[in-house]
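Residues 99 to 467, numbered by the working numbering, are exactly what the sequence shown covers, in order. Glycine included, every Cβ here is placed at the ideal spot set by N, Cα and C. The block underneath contains the structure these notes are about, expressed in structure tokens.
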Amino acid sequence: MRKNDTSPSSYPVNYRGEYHYRSGSTKQLLKGSTLTQFLFEKTGITWDSIPLDNLSSGEFWRESFDIFRKQAILSKRMEEKDLQMTNRELLDSLGLIKHGKILRAGMMLFYQNPEKWVNGSYIKIGYFESDSEISYMDEIHGSLISQADKVIDLIFTKYLKANISYEGVTRVETYPFPKAAIREAVYNAIVHKNYATQIPIQISIYKDKLYISNDCILPSGWTKETLMGKHRSKPFNPNIANGFFRAGFIETWGRGIEKICESCKNYGIKLPEYTVYPEDIMVKFEALGSDMNTDMNTDMNTDMNTDIVFNEQHLLECLKQKPNITQKELAEYFHVTKRTIERNITILKKEKYIERVGNNRSGHWKIIK
């Protein structure tokens with residue numbers, strides 16, 4: 099080696115306040131989350147494995163643990179006898195405590211307000227009439243376990259309109275998108291998100307399409323082709339992923355995208371379109387029949403769906419949860435006319451699902467069946 103030669107280094111080199119990394123003949127400038135992730139990979143550390151000071155399991159949300167236990171038993175990922183322990187013991191059994199300290203993953207999964215520690219740890223949902231016109235939106239906050247428990251139901255009860263048909267006497271609801279595919283895509287976004295960017299997961303819903311966008315970084319050496327092809331499981335947040343696996347929300351075989359595509363194919367819609375940027379990924383779903391819509395179909399669907407989308411199932415579920423809600427409040431909640439609410443309530447009364455107890459001002463809804 100000549101006198102002025104520099105030995106190779108596995109770590110980035112700081113030169114005038116900038117970090118550089120050379121791979122072969124290519125030199126790369128590392129900064130921000132890319133630099134952080136590079137250092138994590140070189141040291142074998144992941145973002146969600148960092149222990150947190152001044153955090154006790156007593157501050158955690160009981161509801162999150164209840165949801166986890168229920169889902170773990172339903173999915174048969176854990177047995178009931180294995181869940182009969184304190185919440186702290188459960189955290190420890192999931193590998194979420196190290197040297198007596200709770201890991202970031204434990205806080206994100208079960209803490210009532212993870213945004214106290216990490217800003218942007220929530221999901222934003224919006225319904226758009228066009229790219230520049232948003233009609234309404236929601237934000238889902240709380241632990242990642244509780245977010246996962248709520249987000250899919252909210253999307254399919256408030257944001258998507260189902261076409262109603264009957265097979266004999268059986269009522270059939272057909273949504274624009276397969277629920278299994280949307281669930282898998284949203285759960286993948288939660289697990290693989292780069293929370294260090296402090297930007298929430300964004301779900302943009304249109305009449306004929308749905309976008310899911312989240313900040314994430316592909317494993318070193320991966321390309322879009324690697325992601326879309328057969329690959330092993332390599333989650334960005336392995337401890338969060340393990341919690342979701344034990345709850346039965348996801349698998350751990352790297353089959354997420356494969357399952358999403360298979361679900362879309364079986365449902366009869368186009369395969370999802372993935373756009374991969376250096377630090378974020380966006381997936382686009384096209385609605386069932388969107389490639390065959392005409393102006394006439396659009397007008398007909400608008401008239402029909404407005405009247406039937408919030409029919410028995412959706413309206414009944416809301417009345418169960420909010421028996422004191424008024425018809426005006428129902429119309430505002432579902433973003434439909436009061437006339438539509440009145441029509442659907444009449445149907446529910448006629449079919450003896452509900453009855454009104456008391457007057458319109460101070461009464462309440464009673465669920466009969």
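> In angstroms, rounded to a whole number, what distance separates the CA positions of Tyr225 and Lys450?
Replying inline: Position 127 of the sequence shown holds residue 225. Position 352 of the sequence shown holds residue 450. So the two alpha carbons sit approximately 33 Å from each other.
>> Within a Cβ cutoff of 6 Å, which residues of the same chain sit near Leu181, ignoring the five residues on either side of it in sequence?
In response: Residue 181 sits at position 83 when you count from the first residue of the sequence shown. The answer, listed in chain order, is Arg167.
> Going by other Cβ atoms of all chains shown within 10 Å of its Cβ, with 16 needed for buried, is Arg269 buried or exposed?
Replying inline: As a position in the sequence shown, residue 269 is number 171, starting the count at 1. With fewer than 16 neighbouring CB atoms inside 10 Å of its own CB, Arg269 falls in the exposed class.
>> To the nearest angstrom, how far is the alpha carbon of Tyr365 from that of Gly198?
In response: Within the sequence shown, the letter at position 267 stands for residue 365. Within the sequence shown, the letter at position 100 stands for residue 198. Rounded to the nearest angstrom, the two C-alpha atoms are 48 Å apart.
> Do Phe275 and Phe383 have their CB atoms nearer than 8 Å?
Replying inline: Within the sequence shown, residue 275 is the residue found at index 177, counting from 1. Within the sequence shown, residue 383 is the residue found at index 285, counting from 1. Cβ distance < 8 Å, so Phe275 and Phe383 count as in contact.
>> Quick check on Lys259: buried or exposed, where buried means 16 or more other Cβ atoms within 10 Å of its Cβ?
In response: For the purposes of this step, residue 259 is taken as residue 161 along the sequence shown, with counting starting at 1. The residue in question, Lys259, is buried, as its Cβ has 16 or more Cβ neighbours within 10 Å.
> Which value, in whole angstroms, describes the spacing of the CA atoms of Leu194 and Phe208?
Replying inline: Looking up residue 194 in the sequence shown gives position 96. Looking up residue 208 in the sequence shown gives position 110. Leu194 and Phe208: Cα-Cα distance of roughly 11 Å.
>> When you compare the CB positions of Asp146 and Asn337, do they come within less than 8 Å of one another, or not?
In response: For the purposes of this step, residue 146 is identified with residue 48 of the sequence shown, where counting begins at 1. For the purposes of this step, residue 337 is identified with residue 239 of the sequence shown, where counting begins at 1. With contacts defined as CB atoms closer than 8 Å, Asp146 and Asn337 qualify as a contacting pair.
> Is DSSP giving Leu325 helix, strand or coil here?
Replying inline: Residue numbering aside, residue 325 sits at position 227 when the sequence shown is read from its first letter. Leu325: helix per DSSP, three-state reduction.
> Using the C-alpha atoms, what's the distance from Ser230 back to Asp306?
Replying inline: To locate residue 306, count along the sequence shown from 1; it is residue 208. To locate residue 230, count along the sequence shown from 1; it is residue 132. Using only the alpha carbons, I get a separation of about 16 Å.
> Taking the alpha carbon of Leu446 as the point to measure from, which residue in Glu371, Lys426, Leu417 and Asn457 has its own alpha carbon closest?
Replying inline: Indexing the sequence shown from 1 puts residue 446 at position 348. It is Leu417 whose Cα lies nearest to the Cα of Leu446.
> Is it a yes or a no for the segment 355–363 touching the segment 235–253, going by three-plus beta-carbon pairs under 8 Å?
Replying inline: Touching, no.
> Taking the C-alpha atoms as reference points, what is the distance between Ala279 and Asn457?
Replying inline: Within the sequence shown, residue 279 is the residue found at index 181, counting from 1. Within the sequence shown, residue 457 is the residue found at index 359, counting from 1. Cα-Cα distance, rounded: 44 Å.
> With Gln300 and Lys222 assumed to form a contact (beta carbons below 8 Å), what rounded beta-carbon distance in angstroms separates them?
Replying inline: Taking the first residue of the sequence shown as 1, we reach residue 300 at position 202. Taking the first residue of the sequence shown as 1, we reach residue 222 at position 124. So it is a contact: roughly 5 Å between Cβ atoms.
> Excluding sequence positions up to five away, which residues of its chain have a Cβ less than 8 Å from the Cβ of Ala170?
Replying inline: As a working note, residue 170 is residue 72 in the sequence shown. For Ala170, where only same-chain residues beyond five positions count, the Cβ hits under 8 Å are Met176, Leu181, Arg344, Ala345 and Gly346.
>> One question on the structure: do Phe342 and Tyr257 come within less than 8 Å of each other, judged by their Cβ atoms?
In response: Residue mapping note: residue 342 aligns to position 244 of the sequence shown, counting from 1. Residue mapping note: residue 257 aligns to position 159 of the sequence shown, counting from 1. Cβ atoms of Phe342 and Tyr257: not closer than 8 Å.
> Are Tyr372 and Val381 touching if we call contact CB-CB under 8 Å?
Replying inline: Position 274 of the sequence shown, counting from 1, holds the residue named residue 372. Position 283 of the sequence shown, counting from 1, holds the residue named residue 381. Taking a C-beta distance under 8 Å as the contact criterion, Tyr372 and Val381 qualify as a contact pair.
>> Using the three-state DSSP reduction, which class does Met235 fall into: helix, strand or coil?
In response: Counting from one through the sequence shown, the residue named residue 235 turns up at place 137. The answer is strand: DSSP assigns Met235 an E or B state.
>> Closer than 8 Å is the cut-off here; do at least three beta carbon pairs connect the segment 411–427 with the segment 436–446?
In response: The way I'd put it, the segment 411–427 does touch the segment 436–446; three or more beta-carbon pairs between them come closer than 8 Å.
>> If we require 4 or more residues per run, which alpha helix (DSSP H) segments fall completely within the segment 270–316?
In response: Qualifying alpha helix (DSSP H) stretches, in chain order: 277–290.
>> Using 8 Å as the threshold, is the C-beta distance between Ser162 and Ser241 below it?
In response: For the purposes of this step, residue 162 is identified with residue 64 of the sequence shown, where counting begins at 1. For the purposes of this step, residue 241 is identified with residue 143 of the sequence shown, where counting begins at 1. Taking C-beta atoms as the reference points, Ser162 and Ser241 count as a pair closer than 8 Å.
> So is Trp463 buried or exposed if we call it buried at 16+ other beta carbons inside 10 Å?
Replying inline: Position 365 of the sequence shown, counted from the first residue, corresponds to residue 463. Buried, because 16 or more other Cβ atoms sit within 10 Å of the Cβ of Trp463.
> When you compare only the Cα positions, how much space is there between Ser263 and Cys362?
Replying inline: The residue labelled residue 263 in the question sits at position 165 within the sequence shown. The residue labelled residue 362 in the question sits at position 264 within the sequence shown. Their backbone Cα atoms lie some 20 Å apart in a straight line.
> Do you know how far the Cα of Lys467 is from the Cα of Asn335?
Replying inline: Taking the sequence shown and counting its residues from 1, the one referred to as residue 335 is at position 237. Taking the sequence shown and counting its residues from 1, the one referred to as residue 467 is at position 369. A straight-line Cα-Cα distance of about 43 Å links Asn335 and Lys467.
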